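Asks:
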Amino acid sequence: MVTDTITPQSVADVIVRKMEDAGETTLGLTKKVGIPRATLQRRLLNGGGLQVAELAAIAAALGTTTIAILTEAQANQTRSRAAGAEGDL
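Our numbering puts the sequence shown at residues 19 to 107.
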């Protein structure tokens, strides 16, 4: 079944990559956005969903936008589905 829903794990994967690109640590990001470190780690590692306000704060701290993160997450999912479909042939 194909769905257009963006999974929390896809969003978390994009955030982690953007953190790495920016040289940002989890501790540094938590200080900037006010999310407890354990909460942020759990949400990024386990794909637990972020609230919209949290995502917006994280995006701003990483020098990007919420829509850019969501767009990239959706594109990554689309590529993954396409690669999986090719493997089924």
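Beta carbons are placed, not taken as given, at the ideal position from N, Cα and C, and that holds for glycine.
Since the structure is predicted, the reported quantities are computational estimates derived from the model, not experimental observations.
1) For Thr25, does the three-state DSSP call read helix, strand or coil?
2) Run through DSSP, which three-state label would Glu90 get?
3) Rounded to whole angstroms, what is the Cα-Cα separation between Val51 and Thr25?
4) In the stretch 39-86, which residue ranges form an unbroken alpha helix (DSSP H) of at least 4 residues, counting only runs that do not cross its ends?
5) Taking 8 angstroms as the cut-off, decide whether the C-beta atoms of Val32 and Leu62 are in contact.
6) Pick out whichever of Val29, Thr23 and Thr44 has its Cα sitting closest to the Cα of Thr84.
7) Identify, in the order they occur along the chain, each residue of the same chain with its Cβ nearer than 6 angstroms to the Cβ of Leu68, setting aside the five sequence neighbours on each side.
Replies: For this structure:
1) coil
2) helix
3) 22 angstroms
4) 44-51, 55-64 and 70-79
5) no
6) Val29
7) Arg61
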